[in-house]
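The sequence shown begins at 20 in the numbering used here and counts up by one. Written below as structure tokens is the structure these notes are about.
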Amino acid sequence: MAKSERCPICGVPLKAENLRRHLDDTHPRHPGTPALRERLRQEGRFAPAPRTAPRVRLRKVHIAFLAAVALLGAGAYAVSPFLVPNNSFSIDSCIRDPDVVYHIHPRLSIFILGNRYPIPYNIGVTATCTRPVHTHDDGPASGGYNPSTDPAIIHVESPVARAFALADFFHVWRQIFTPTQILTYANDGTNVVSMTVNGAPSTAFGSLVFDDGQDIVITYGPAA
Ligand SMILES: [Zn+2]
Ligand SMILES: [Zn+2]
Numbered sequence: 020m021a022k023s024e025r026c027p028i029c030g031v032p033l034k035a036e037n038l039r040r041h042l043d044d045t046h047p048r049h050p051g052t053p054a055l056r057e058r059l060r061q062e063g064r065f066a067p068a069p070r071t072a073p074r075v076r077l078r079k080v081h082i083a084f085l086a087a088v089a090l091l092g093a094g095a096y097a098v099s100p101f102l103v104p105n106n107s108f109s110i111d112s113c114i115r116d117p118d119v120v121y122h123i124h125p126r127l128s129i130f131i132l133g134n135r136y137p138i139p140y141n142i143g144v145t146a147t148c149t150r151p152v153h154t155h156d157d158g159p160a161s162g163g164y165n166p167s168t169d170p171a172i173i174h175v176e177s178p179v180a181r182a183f184a185l186a187d188f189f190h191v192w193r194q195i196f197t198p199t200q201i202l203t204y205a206n207d208g209t210n211v212v213s214m215t216v217n218g219a220p221s222t223a224f225g226s227l228v229f230d231d232g233q234d235i236v237i238t239y240g241p242a243a
């Protein structure tokens, strides 16, 4: 039968074998607790039992927390299409300047048999609608481009942060771009469509995701 003791910190009567647990539960941060724990350990009066119960409880709390976060996340995901005002937004939507939260400027050049193909101003811009992917009609003096000598500056402006691809630009332009055809120029055994992105060959073609400052070059000419 274990002898009775008192807690040296609060004086409450305890069984000796319960002193360690009492210290941990009641005085975990008392300045005297570490020294008492050490004394108990050295005296071998207390085998430091693994505190499995609290540890399991902690894990349950963690699991409950993670489950709650996952549920909230899933809920927000399920509900978000009904909260976002632009839930029906697409490449064919018109944008309004005040709504634009995402605005990047990739550059595009098209070379046909060695000559720069001029990419027009105001692709995707009419008096009543500006598409999320478009070109502007401002020249080099106002930060724009000269279609006959410069890469076109493509404006990607969107009320939702989402990826736009090179195919979106050709969709708005109503021109053909596939791995085997650019505009009216199709692979013919001599000349082929090829593409570089920031100087490196790419086979992404229309699926290339636009990035700010990207330098995209589409070439139709003799196969390398
Ligand atoms: Zn714009
Ligand atoms: Zn812009």
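Beta carbons: idealized from backbone N, C-alpha and C, even for Gly. All figures in this text were calculated on a predicted structure; none of them were measured in a lab.
Between which two residues does the alpha helix (DSSP H) holding residue i run?
i	result
histidine 124	Histidine 124 -> no alpha helix (DSSP H), and no H or E assigned at all.
Count the other CB atoms, across all protein chains shown, that sit within 10 Å of the CB of residue i; report buried if there are 16 or more and exposed otherwise.
i	result
valine 120	exposed
glycine 143	buried
aspartate 187	buried
phenylalanine 101	Because phenylalanine 101 carries a pLDDT of 42, less than 50, the predicted location of this residue cannot be relied on, and the following value inherits that uncertainty. Result: exposed.
histidine 155	buried
serine 99	Caution is warranted here: a pLDDT of 45 is assigned to serine 99, below 50, making its placement in the model unreliable, and the coordinate value is therefore given only provisionally. Flag for serine 99 reads exposed.
proline 67	Residue placement at proline 67 is flagged as unreliable, the pLDDT there being 49, under the threshold of 50; the coordinate-derived value follows with that caveat. Exposed: under 16 other Cβ atoms inside 10 Å.
histidine 174	buried
glutamate 176	buried
alanine 243	exposed
proline 125	buried
proline 220	exposed
aspartate 193	The question names aspartate, but residue 193 in the sequence shown is arginine. By the 10 Å Cβ count, arginine 193 comes out exposed.
For residue i, which residues of its own chain have a beta-carbon under 6 Å away from its beta-carbon, when the five flanking residues on both sides are left out?
i	result
proline 159	Asn165
serine 213	Thr238
valine 236	Ser128 and Thr215
What is the C-beta distance between residue i and residue j, in whole angstroms, given that I count them as a contact (C-beta under 8 Å)?
i	j	result
proline 241	threonine 203	Actually they are not in contact, since the Cβ atoms of proline 241 and threonine 203 sit about 18 Å apart, beyond 8 Å.
glycine 218	leucine 185	Not really, about 16 Å apart at Cβ, beyond 8 Å.
proline 234	isoleucine 123	According to the sequence displayed, residue 234 carries aspartate and not proline. Their Cβ separation, rounded to whole angstroms, is 13 Å, which puts aspartate 234 and isoleucine 123 out of contact at 8 Å.
Leaving out the 5 sequence neighbours to the left and right, which residues in its chain are closer than 8 Å to residue i when beta-carbon positions are compared?
i	result
asparagine 206	Thr199, Gln200 and Val212
alanine 182	Val228 and Phe229
valine 103	Residue confidence is low: valine 103 scores 46 on pLDDT, short of 50, so the model does not pin down where it sits. No coordinate-derived value is stated.
threonine 147	Cys113
Considering just the uninterrupted stretch of the beta strand (DSSP E) at residue i, what are its terminal residues?
i	result
valine 252	Any property of residue 252 remains undetermined from this structure, which presents the chain solely from 20 to 243.
Give every residue of the same chain whose Cβ lies closer than 7 Å to the Cβ of residue i, excluding the five residues on either side of it in the sequence, and list them in chain order.
i	result
histidine 276	Nothing about residue 276 can be read from this structure; the chain reaches only from 20 to 243.
isoleucine 131	Tyr204 and Tyr239
isoleucine 138	Leu127, Ile129, Thr154, Pro166 and Ala171
Can you list the residues near ligand 1, meaning Cβ strictly closer than 7 Å to any non-hydrogen atom, in the order they appear in the chain? Thr149, His153, His155, His174 and Glu176
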